[in-house]
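Trainee:
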Amino acid sequence: MPASPETAQVLQVTRLIPAPPAVVWRCLTEADRLRQWWVPAPVEVADMVIEPQPGGRFYTLMRMPDGTEHPVEMMILQAEAPRRLFFTDLMTRGFVPVARPMFGFAAEIALIPEGDATRYSAIARHARAEDAARHAGMGFHDGWGTVADQLATVAPTFAD
Amino acid sequence: MQLDPELDLQLVREMNAPRELLYKCWTTPEHLVHWFVPKPHKVTYCHLDVRPGGACNTTFEVDGNLMENNGVYLEVIPNEKLVFTDAYTADWKPAPEPFMTAILTFEDLGNGRTRYTATARHRNAGTAQAHRDMGFYDGWGTVATQLEEYVQGLK
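Respectively, the protein sequence lines represent chains G and Y. Residues 1 to 160, numbered by my numbering, are exactly what the first sequence covers, in order. Residues 1001 to 1155, numbered by my numbering, are exactly what the second sequence covers, in order.
See below:
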């Protein structure tokens, strides 16, 4: 189900990444590569754990320019190498429901080959239109778009 | 699995039935409808797409009222483990008011016996208490007994 258009519940950004899906997949699912592009600079990743399997931990420790750190615990729902990764902030490792999720989404990263490159789509699905509107208001398109641009810069350096 | 006493409810039962058959009864609509809700309530609809992100949809008839339960499988390990939830519907669409995530494990005890563990996880203490008040232990216990009897009838 790649690249469905935006609806009231669904937010999406799409970019062309100049590297094939197999390379982009490793940038997405290996912590030492993912940390190089997953948060918008100048925010940095101070620590990262990703277990690409159902119920796997997806942990990012973000370090702000002023030095403060913010942990984000999410969970992997499904990993279909090298095409689709699903994750969520509604649960944490081992299927523990989150009482008050920050955004309340299930996200799909879809990688579709386009010549020698990859069409990257990041799609966040929400339960309610107001959840999606709040997520959009908190900078979804800017934030997820910026990191996709960072991926486009980083991914070709891993092409081998 | 670490339990949170405020949020998690769990039933453990040693069953005189092989885990392959218990798993099959959990994942096949033709079998599931016979034991999945306490009698005389009935399962009137069952659609199971047994893979992560696949639909796990059932409808019960309880005292003439239809209750729809639509969810997805989160994890599927044949004969060992099934995890499903109503927190999403098929293909990972989040649901507005999730009730629970269920984790079932089937542990082989040898000699055709199985340790059957059913855990219901809730996102807050109020939901867990509501499930307790609805009769979790009685209900899931009755269903476990029905499942064991049904499987023994298959052998």
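Note that the Cβ used here is the ideal one computed from N, Cα and C, for glycine as well.
Let me make sure I understand the geometry here. Which of G:E6, G:F103, G:L11 and G:P21 has the alpha-carbon closest to that of G:G115?
Mentor: The residue given as residue 115 of chain G occupies position 115 in the first sequence. Among G:E6, G:F103, G:L11 and G:P21, the Cα nearest to that of G:G115 is on G:P21.
Trainee: With a threshold of 8 Å between beta carbons, is G:V147 in contact with chain Y?
Mentor: Along the first sequence, read from residue 1 onward, the residue named residue 147 of chain G stands at position 147. Taking Cβ atoms only, chain Y never reaches closer than 8 Å to G:V147, which makes this a no.
Trainee: Which residues in chain Y have a C-beta closer than 8 Å to the C-beta of G:A106? List them in chain order.
Mentor: As a first step, residue 106 of chain G must be located in the first sequence, where it is residue number 106. Chain Y residues near G:A106: Y1088, W1092, K1093 and P1094.
Trainee: Do you know offhand how far Y:L1109's Cα is from Y:Q1146's?
Mentor: Sequence index remark: in the second sequence, residue 1109 of chain Y carries index 109 (1-based). Sequence index remark: in the second sequence, residue 1146 of chain Y carries index 146 (1-based). Looking at the two C-alpha atoms, the distance is approximately 20 Å.
Trainee: Would you kindly report the start and end of the unbroken beta strand (DSSP E) that includes Y:Y1032?
Mentor: The residue given as residue 1032 of chain Y occupies position 32 in the second sequence. It should be pointed out that residue 1032 of chain Y corresponds to Leu in this sequence rather than to Tyr. Not the beta strand (DSSP E): Y:L1032 falls in the alpha helix (DSSP H), residues P1029 to L1032.
Trainee: Check whether the segment 1081-1091 of chain Y touches the segment 63-73 of chain G, taking contact to mean three or more Cβ pairs, one atom from each stretch, closer than 8 Å.
Mentor: They do not touch, by the three-pair rule.
Trainee: Please classify Y:E1030 as buried or exposed, where buried requires at least 16 other C-beta atoms within 10 Å of its C-beta.
Mentor: For this step, residue 1030 of chain Y is matched to residue 30 along the second sequence. Looking at its Cβ environment, which holds fewer than 16 other Cβ atoms inside 10 Å, Y:E1030 is exposed.
Trainee: Indicate whether the contact test is met: 3 or more Cβ pairs, each with one atom in the segment 134-154 of chain G and one in the segment 39-50 of chain G, closer than 8 Å.
Mentor: Flag = yes, the segment 134-154 of chain G and the segment 39-50 of chain G touch.
Trainee: Measure the C-alpha to C-alpha separation of Y:N1124 and Y:L1007 and round it to an integer number of angstroms.
Mentor: Taking the first residue of the second sequence as 1, we reach residue 1124 of chain Y at position 124. Taking the first residue of the second sequence as 1, we reach residue 1007 of chain Y at position 7. Between Y:N1124 and Y:L1007, the C-alpha separation is close to 6 Å.
Trainee: Assign Y:L1082 to buried or exposed, taking buried as 16 or more other Cβ atoms, counted over all protein chains shown, within 10 Å of its Cβ.
Mentor: The sequence position of residue 1082 of chain Y within the second sequence is 82, counting from 1. It counts as buried.
Trainee: When you compare the CB positions of Y:T1101 and G:P97, do they come within less than 8 Å of one another, or not?
Mentor: Position 101 of the second sequence, counted from the first residue, corresponds to residue 1101 of chain Y. Position 97 of the first sequence, counted from the first residue, corresponds to residue 97 of chain G. In contact: Y:T1101 and G:P97 (Cβ atoms closer than 8 Å).
Trainee: Give a yes or no on whether 8 Å exceeds the smallest Cβ distance from Y:K1155 to chain G.
Mentor: Indexing the second sequence from 1 puts residue 1155 of chain Y at position 155. It does not; no Cβ of chain G falls within 8 Å.
Trainee: With a threshold of 8 Å on Cβ separation, who are the neighbours of G:I50 within its own chain once the five nearest residues in sequence on each side are excluded?
Mentor: Along the first sequence, one-based indexing puts residue 50 of chain G at 50. So the qualifying residues of the chain are T29, E30, A31, L34, G56, R57, F58, Y59 and I76.
Trainee: Would DSSP call G:E30 helix, strand or coil?
Mentor: The residue you call residue 30 of chain G lines up with position 30 of the first sequence. Here G:E30 sits in coil by DSSP.
Trainee: Going by the DSSP bridge assignment, what does Y:R1121 pair with across the sheet?
Mentor: Walking along the second sequence from the start, residue 1121 of chain Y turns up at place 121. According to DSSP, Y:R1121 bridges with Y:D1008 and Y:T1101.
Trainee: State the Cα-Cα distance for the pair G:L111 and G:P156, rounded to the nearest angstrom.
Mentor: In the first sequence, the residue the question calls residue 111 of chain G occupies position 111. In the first sequence, the residue the question calls residue 156 of chain G occupies position 156. In a straight line, the C-alpha of G:L111 is about 15 Å away from that of G:P156.
Trainee: To which residues does DSSP link Y:N1069 through a beta bridge?
Mentor: Sequence index remark: in the second sequence, residue 1069 of chain Y carries index 69 (1-based). Note: Y:N1069 sits in a beta bridge opposite Y:T1058.
Trainee: Listed from N- to C-terminal order along the chain, which residues in the segment 86-97 of chain G have their beta-carbon within a distance smaller than 8 Å of any beta-carbon of chain Y?
Mentor: Answer set for the segment 86-97 of chain G: F86, T88, L90, M91, G94, F95, V96 and P97.
Trainee: Can you have a look at Y:E1075 and say buried or exposed, based on whether 16 or more other CB atoms are within 10 angstroms of its CB?
Mentor: Counting from one through the second sequence, the residue named residue 1075 of chain Y turns up at place 75. Y:E1075 comes out buried.
Trainee: Out of G:G94, G:A107 and G:L90, point me to the one whose CA is closest to G:R84's CA.
Mentor: The residue you call residue 84 of chain G lines up with position 84 of the first sequence. Answer by Cα proximity: G:A107.
Trainee: Which of the three DSSP states is assigned to G:P156 in this structure?
Mentor: Translated into the one-based positions of the first sequence, residue 156 of chain G becomes position 156. Helix at G:P156.
Trainee: Identify whether Y:D1091 lies in helix, strand or coil by the three-state DSSP scheme.
Mentor: By one-based count along the second sequence, residue 1091 of chain Y stands at place 91. Y:D1091 falls in the coil class under three-state DSSP.
Trainee: Note down, in chain order, all residues in the segment 117-149 of chain G with a beta-carbon under 7 Å from any beta-carbon belonging to chain Y.
Mentor: Within the segment 117-149 of chain G, the qualifying residues are R125, H126, A127 and R128.
Trainee: Going by alpha carbons, who is nearest to G:T61 out of G:A99, G:P54 and G:A46?
Mentor: For the purposes of this step, residue 61 of chain G is taken as residue 61 along the first sequence, with counting starting at 1. Here residue 61 of chain G is Leu; the residue named in the question, Thr, does not match the sequence. The residue with the shortest Cα to Cα distance from G:L61 is G:A46.
Trainee: Does the beta-carbon distance from Y:W1026 to Y:V1143 come in below 8 Å?
Mentor: Residue mapping note: residue 1026 of chain Y aligns to position 26 of the second sequence, counting from 1. Residue mapping note: residue 1143 of chain Y aligns to position 143 of the second sequence, counting from 1. Contact flag unset, no.
Trainee: Could you name the residues of the segment 1042-1055 of chain Y whose beta carbon sits closer than 8 Å to any beta carbon of chain G, in the order they occur along the chain?
Mentor: Taking 8 Å as the Cβ-Cβ cut-off against chain G, the residues of the segment 1042-1055 of chain Y that qualify are P1052 and G1053.
Trainee: Is the Cβ-Cβ distance between Y:M1001 and Y:T1114 less than 8 Å?
Mentor: As a first step, residue 1001 of chain Y is located in the second sequence; it is residue number 1 there, counting from the start. As a first step, residue 1114 of chain Y is located in the second sequence; it is residue number 114 there, counting from the start. The answer is no: Cβ separation not under 8 Å.
Trainee: Using beta carbons (cut-off 8 Å, strictly below), is G:L28 in contact with chain Y?
Mentor: Numbered from its first residue, the first sequence carries residue 28 of chain G at position 28. Output row for G:L28: interface = no.
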